[in-house]
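Working notes, structure below.
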Amino acid sequence: ILRSEGGLYIKELISGDEGRTTPSLSGVLGLPALVTELDVIDVSASAFPDSV
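Numbering (this note's numbering) for the sequence shown: 25 to 76.
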């Protein structure tokens with residue numbers, strides 16, 4: 025499970041986006057990584073201001 029803030033490109037964080045995204049999980053492991061499935065488990069309501 026990975027927790028992140030809005031705007032983070034999860035797939036790029038994992039794959040490295042052909043070397044355009046560093047650091048990446050693929051780069052740290054030294055192995056190719058590709059996201060084949062991505063499930064959003066929760067979106068925090070605190071991320072949205074009351075005025076919206």
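Don't be surprised by glycine CBs; every beta carbon is placed ideally from N, CA and C.
Here the structure is a predicted model, which is why all the values come from computation and not from measurement.
query, result
"For residue 59 and residue 39, believed in contact at Cβ under 8 Å, the rounded distance", "6 Å"
"Backbone secondary structure at residue 57 - three-state DSSP", "coil"
"C-beta neighbour in chain B for residue 32, strict 8 Å", "In summary, chain B is missing from the structure at hand, where a single protein chain is found."
"Residue nearest to residue 41 in terms of C-alpha spacing, selected from 57, 66, 69", "57"
"Between the CA atoms of residue 29 and residue 70 - distance to the nearest angstrom", "11 Å"
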